[in-house]
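The structure under discussion appears below in the form of structure tokens.
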Amino acid sequence: MYRISLVKRISFLLLALLLAVGFASCGESSDAPETTAPPAISTDEDATTEPQSGEALVAYFSATGNTKAVAEQIAALTGAALYEITPVQPYTPEDLDYSNSGSRSSLEMNDPESRPEISGELPDLSGISVLYLGYPIWHGQAPRIMSTFVEGCDFDGVTIIPFCTSGGSGIGSSAETLAEQAGGGNWLSGERFSGGADEETVSQWLKTAG
Numbered sequence: 001m002y003r004i005s006l007v008k009r010i011s012f013l014l015l016a017l018l019l020a021v022g023f024a025s026c027g028e029s030s031d032a033p034e035t036t037a038p039p040a041i042s043t044d045e046d047a048t049t050e051p052q053s054g055e056a057l058v059a060y061f062s063a064t065g066n067t068k069a070v071a072e073q074i075a076a077l078t079g080a081a082l083y084e085i086t087p088v089q090p091y092t093p094e095d096l097d098y099s100n101s102g103s104r105s106s107l108e109m110n111d112p113e114s115r116p117e118i119s120g121e122l123p124d125l126s127g128i129s130v131l132y133l134g135y136p137i138w139h140g141q142a143p144r145i146m147s148t149f150v151e152g153c154d155f156d157g158v159t160i161i162p163f164c165t166s167g168g169s170g171i172g173s174s175a176e177t178l179a180e181q182a183g184g185g186n187w188l189s190g191e192r193f194s195g196g197a198d199e200e201t202v203s204q205w206l207k208t209a210g
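The numbering used here puts the first residue of the sequence shown at 1, with every later residue one more than the last.
Below, the structure is given as structure tokens:
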């Protein structure tokens with residue numbers, strides 16, 4: 001009797017051990033997928049917020065910061081790179097006194113041949129398909145430094161979308177003048193923004209700009 005009981009106990013223990021091993025194996029199998037990272041999948045949203053480098057560029061000149069603010073919003077909304085058109089000689093508040101016919105900005109705008117020098121190298125547009133070109137309006141036109149910029153760049157194969165900022169003046173013929181000076185590129189209609197244009201205003205324009 002004792003030997004039979006001992007055999008039963010040993011058989012029971014072996015059976016319990018086999019069942020425990022079986023449950024452990026099943027547990028490892030079910031946990032495996034959770035520890036394996038799924039493959040990365042590109043989505044349309046990723047393509048919109050992170051476009052391929054070099055497709056679009058926002059180039060702008062800003063003397064007081066108004067055009068810069070709009071340019072940065074365009075870059076943030078489109079994923080475009082930024083290039084600031086910086087003069088070798090920065091403009092002071094006295095230079096920007098439009099009421100003074102002897103101020104630097106007034107003298108430049110009264111001289112169609114004036115070409116203020118740009119600091120640093122001009123951007124290489126060979127890999128750019130869309131260029132957002134921004135500037136303030138001075139005396140009804142784009143600042144002369146914009147003429148320096150467009151005459152120094154090769155716009156072959158580039159679509160240019162102008163935008164400007166001003167307290168009241170529209171974009172007028174400023175973009176047409178720059179297009180003539182550039183001598184190339186596909187120039188689209190431009191847009192004028194106030195100095196305090198918000199993101200929603202810029203976003204709505206971008207939907208129809210191109």
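The beta carbon of each residue, even a glycine, is placed where N, CA and C say it ideally should be.
Please read these numbers as outputs of a predicted model, since none were measured by experiment.
Query raised in the report: Leaving out five residues before and five after residue 184 in sequence, what residues of the same chain have Cβ atoms less than 6 Å from its Cβ?
Result: Hits under 6 Å: 155, 156.
Query raised in the report: Considering only residues of the region 59–124, which uninterrupted alpha helix (DSSP H) runs meet the minimum length of 4 residues and lie entirely inside it, listed in chain order?
Result: Segments of the alpha helix (DSSP H) lying fully in the region 59–124: 66–78, 104–109.
Query raised in the report: Cβ of residue 210 within 9 Å of Cβ of residue 159?
Result: Yes, the pair counts as a contact, with Cβ atoms nearer than the cut-off.
Query raised in the report: Touch check for the region 123–133 and the region 55–63: three-plus C-beta pairs under 8 Å?
Result: Because the criterion of three Cβ pairs below 8 Å is met, the region 123–133 and the region 55–63 touch.
Report task. Mind the definition here: the region 113–123 touches the region 80–90 only if three or more C-beta pairs lie below 8 Å; say whether that holds. Result -> Yes, they touch.
Query raised in the report: According to the neighbour-count rule (16 or more other Cβ atoms, all chains shown, within 10 Å of its Cβ), is residue 112 buried or exposed?
Result: Label assigned to residue 112: exposed.
**Report entry** the region 99–112 contacting the region 74–81, beta-carbon criterion three pairs below 8 Å
**Finding:** The region 99–112 vs the region 74–81: no contact.
Query raised in the report: Who are the near neighbours of residue 43 in its chain, counting only those whose CB is closer than 7 Å to its CB and skipping five residues on each side?
Result: Confidence is the limiting factor: at residue 43 the pLDDT is only 29, short of 50, which leaves the residue's position unreliable, though a coordinate-based value still follows. Excluding the 5 residues flanking it on each side, residue 43 has no same chain C-beta neighbour closer than 7 Å.
Report task. May I have the straight-line CA-CA distance separating residue 144 from residue 168, to the nearest angstrom? Result -> Computed Cα separation, rounded: 20 Å.
Report task. Report back the beta-carbon spacing between residue 149 and residue 191 to the nearest angstrom; my notes put them in contact at under 8 Å. Result -> That pair is no contact at about 19 Å.
Query - Counted within 10 angstroms of its Cβ, other Cβ atoms place residue 67 as buried (16 or more) or exposed - result: By the 16-neighbour rule on beta-carbons within 10 angstroms, residue 67 is buried.
Query raised in the report: residue 85: which of 197, 136, 201 sits nearest, CA to CA?
Result: Measuring from the Cα of residue 85, the nearest candidate turns out to be 136.
Query - Per-residue burial, residue 141 [other beta carbons within 10 Å of its own, 16 or more giving buried] - result: Answer is buried; the Cβ neighbour count reaches 16.
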